[in-house]
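Input: a single structure, listed below in structure tokens.
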């Protein structure tokens, strides 16, 4: 019975917090456009993918070369 004195006020506070979060989400426009992002995802991109330039290709390190490969084994 003593636990009800704690649980009832906590549940009232929780309902109040959930109500405030819902009110904030409605006021900030979270529910304005529910279908737009789903259709935007399916639209094709008009721009062709960019090819890497020679500068970007030379900036990548060689895969087989390690930083200490020029030293002799001990």
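Residue numbers (full-length UniProt numbering): 1 to 74.
Don't be surprised by glycine CBs; every beta carbon is placed ideally from N, CA and C.
Under the DSSP assignment, residue 27 falls in the alpha helix (DSSP H) whose first and last residues are 4 to 27. For residue 49, the three-state secondary structure derived from DSSP is coil. Under the criterion of beta carbons closer than 8 Å, residue 25 and residue 31 qualify as touching, at roughly 7 Å. In the structure shown, residue 43 falls within a coil segment according to DSSP collapsed to helix, strand and coil.
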